[in-house]
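Quick note, the sequence shown lines up with residues 72 to 424 if you use the numbering used here. See structure below.
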Amino acid sequence: MINQSKIEELNKIAKQMVTPGKGLLAADESMNTVGKRFSAISLENTEDNRRSFREMLLTAPGEGQYISGVILFDETIKQKTGSGKSFVEVLKEEGILPGIKVDQGLVDFGTAGEKTTKGLEGLAGRLSEYAALGAKFCKWRAVITIGQGMPTDENIRQNAKDLAAYALECQKAGLVPMVEPEVLLDGNHTIQQCEVASEKILTALFEEIKNKAVALEGLILKTNMVLPGKDSGVKVMPEEVAEATLRVFKKVLPNSLAGIAFLSGGQGEQEATANLNAMHLAGSLPWPITFSYARALQDGATKAWQGKPENLSVAQNVFLHRAKMNSLASLGKYSTDMEKDFNVSEAESVSQD
Ligand code: 5MM
């Protein structure tokens with residue numbers, strides 16, 4: 072059981088994470104995932120290139136207007152800018168909360184391709200280390216696969232139990248847990264199948280959260296929007312995505328949950344923005360809802376950057392534009408016309424040699 076004064080502190084941080092008009096940047100890619108992003112721009116996956124990449128994202132001037140928190144990776148929370156300032160310090164100066172991914176990646180569950188997430192072993196020790204480094208919140212991602220006979224009830228239950236166990240450990244350590252169950256976009260499933268899978272995992276997750284007496288006021292849910300599979304060939308309008316997603320949330324989520332932040336999951340940048348915007352046009356909601364994107368905030372900036380110092384300021388402008396569009400979407404004030412105001416030709420004139 073978490074005591075009341077700790078719950079109040081957690082609630083303060085959680086509220087700050089979902090401040091109206093702000094959202095989160097997920098910059099917690101593990102080594103392999105950064106490697107994939109870098110191979111798209113033909114950049115070697117070295118420690119220094121990863122540091123420069125994070126520096127490009129974390130030092131964009133004024134990003135604290137749009138970004139409330141950044142999820143860092145173990146290596147990144149210990150790194151410094153080229154001029155020697157720690158990334159944690161850089162974020163604090165912008166009024167941004169430093170967060171940290173504390174799961175240790177996916178492992179096989181059964182033989183059909185389902186996964187669970189490892190990282191509970193030694194978690195308490197890692198949490199106190201991260202808290203000492205300045206982290207204020209944590210993230211743990213579990214993935215749910217839709218396919219032949221999947222997701223299984225066993226996989227849903229195990230992921231829900233692990234997420235709840237992680238969340239309780241975080242709260243004991245004074246860190247706000249962000250629980251991230253992600254129903255993957257991969258596959259040719261329908262939007263209805265995604266809705267069913269999303270409802271199942273969220274139902275199980277909030278049952279386990281209740282069983283463990285995790286304080287809802289100090290908890291952030293990071294999850295997927297309800298969408299058809301990316302190989303289904305079906306395109307749905309933002310209104311339909313919002314309707315299906317909010318139907319699940321209203322059915323399953325307790326009102327006292329501190330907030331919700333979406334992952335982008337492989338949606339295009341503008342698609343993720345438009346879908347978030349639509350959530351805010353569908354009437355008032357009991358929870359603040361915002362973004363916690365990785366790819367949908369980073370892709371354009373990464374392409375503009377190409378790993379070249381001479382592209383830094385253009386790349387940061389691309390990033391700031393995307394952050395601003397999502398900030399507006401988190402208030403229901405975005406329209407696609409706003410994309411035209413951005414000087415794309417400047418972003419395209421970067422050196423790619
Ligand atoms: C940054 O990507 C995170 C996963 O990284 P690894 O697979 O390398 O561990 C991921 O948890 C991320 O925070 C969310 O999935 C959101 O990212 P997207 O790109 O889906 O918005």
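We treat Cβ as the ideally placed atom computed from N, Cα and C, and that holds for glycine.
Helix or strand or just coil, what does DSSP make of residue i?
| i | result |
| --- | --- |
| threonine 14 | Residue coverage of the chain in this structure runs from 72 to 424, which leaves residue 14 outside it and unanswerable. |
| valine 254 | strand |
| threonine 294 | strand |
| leucine 317 | helix |
| phenylalanine 165 | The amino acid occupying residue 165 in the given sequence is glutamate; phenylalanine does not appear at that position. Three-state DSSP puts glutamate 165 in coil, outside helix and strand. |
| serine 157 | strand |
| valine 307 | coil |
| leucine 334 | coil |
| valine 385 | helix |
| lysine 151 | strand |
| glycine 371 | helix |
| glutamate 185 | strand |
| glycine 133 | coil |
| glycine 170 | strand |
| alanine 394 | helix |
| valine 285 | coil |
| glutamine 341 | helix |
| glycine 300 | coil |
| glutamine 264 | helix |
| lysine 107 | helix |
| methionine 72 | coil |
| alanine 329 | coil |
| lysine 322 | helix |
| serine 401 | coil |
Can you check which of these residues, the options, is closest to residue i by C-alpha distance?
| i | options | result |
| --- | --- | --- |
| alanine 400 | Trp358, Leu114, Glu79, Gly92 | Gly92 |
| glycine 245 | Glu288, Gln229, Val254 | Glu288 |
| glycine 339 | Ser76, Leu256, Val247, Glu266 | Leu256 |
| glutamate 165 | Glu134, Asp174, Phe109, Arg366 | Glu134 |
| phenylalanine 208 | Glu200, Leu177, Met249 | Met249 |
| glycine 337 | Ser384, Phe320, Glu253 | Glu253 |
| histidine 260 | Val312, Pro299, Asn382 | Pro299 |
| proline 189 | Leu328, Gly196, Ile217, Leu234 | The amino acid at residue 189 is misidentified as proline; the sequence shows lysine. Of Leu328, Gly196, Ile217, Leu234, the residue nearest in Cα terms is Leu234. |
| arginine 212 | Lys149, Leu129, Ile142 | Ile142 |
| proline 309 | Gly196, Met221, Asn346, Thr104 | Asn346 |
| lysine 301 | Ala372, Gln377, Gly218, Ala349 | Gly218 |
| asparagine 295 | Thr223, Ala236, Leu129, Leu317 | Leu317 |
| glycine 181 | Thr223, Ile148, Ala375 | Thr223 |
| leucine 430 | Ile280, Tyr364, Gly304, Gly371 | Because the chain here runs from 72 to 424, residue 430 falls outside it and cannot be looked at. |
| proline 380 | Phe124, Thr361, Ile167, Ala315 | Phe124 |
| threonine 104 | Arg366, Ser406, Leu391, Ala375 | Arg366 |
| glutamine 263 | Val305, Ala183, Gly378 | Val305 |
Assign residue i to one of two classes, buried (16 or more other C-beta atoms within 10 Å of its C-beta) or exposed (fewer than that).
| i | result |
| --- | --- |
| glutamine 369 | buried |
| proline 325 | exposed |
| serine 154 | exposed |
| lysine 386 | What sits at residue 386 in the sequence shown is alanine, not lysine. So alanine 386 counts as buried. |
| lysine 404 | exposed |
| glutamate 79 | exposed |
| lysine 411 | exposed |
| aspartate 408 | exposed |
| serine 416 | Note that serine 416 scores a pLDDT of 49, beneath 50, so its modelled location is shaky; the value from the coordinates is reported in the next line. It counts as exposed. |
| asparagine 382 | buried |
| serine 420 | Annotation note: pLDDT 49 at serine 420 (below 50); position unreliable, no value reported. |
| glutamate 251 | buried |
| leucine 128 | buried |
| glutamine 229 | buried |
| serine 398 | buried |
| leucine 239 | buried |
| glycine 258 | buried |
| leucine 334 | buried |
| serine 76 | exposed |
| valine 178 | exposed |
| aspartate 99 | buried |
| lysine 210 | buried |
| glutamine 423 | Only weak support is given to the placement of glutamine 423: the predicted model assigns it a pLDDT of 49, under 50, and the value that follows is read from those uncertain coordinates. Per the 10 Å Cβ criterion, exposed. |
| glycine 170 | buried |
| methionine 88 | buried |
Is residue i close to chain B? Criterion is C-beta to C-beta, closer than 8 angstroms.
| i | result |
| --- | --- |
| alanine 98 | Annotation note: the requested chain B is absent from the structure, which comprises a single protein chain. |
Which stretch, first to last residue, makes up the alpha helix (DSSP H) that contains residue i?
| i | result |
| --- | --- |
| phenylalanine 124 | 118-129 |
| leucine 81 | 75-88 |
| threonine 361 | Taken as a continuous stretch (DSSP letters only), threonine 361 belongs to no alpha helix (DSSP H), being part of the beta strand (DSSP E) at 360-364. |
What residue does the beta strand (DSSP E) around residue i start on, and which one ends it?
| i | result |
| --- | --- |
| serine 113 | Here serine 113 belongs to no beta strand (DSSP E), and DSSP marks it neither H nor E. |
| leucine 96 | 94-97 |
| glycine 354 | Premise fails: glycine 354 is in no beta strand (DSSP E) and is neither H nor E. |
| serine 139 | 138-143 |
| phenylalanine 413 | Here phenylalanine 413 belongs to no beta strand (DSSP E), and DSSP marks it neither H nor E. |
| valine 178 | 177-180 |
* **Secondary structure, alpha helix (DSSP H): runs of 4+ residues fully inside the stretch 187-250** => 194-204, 224-243
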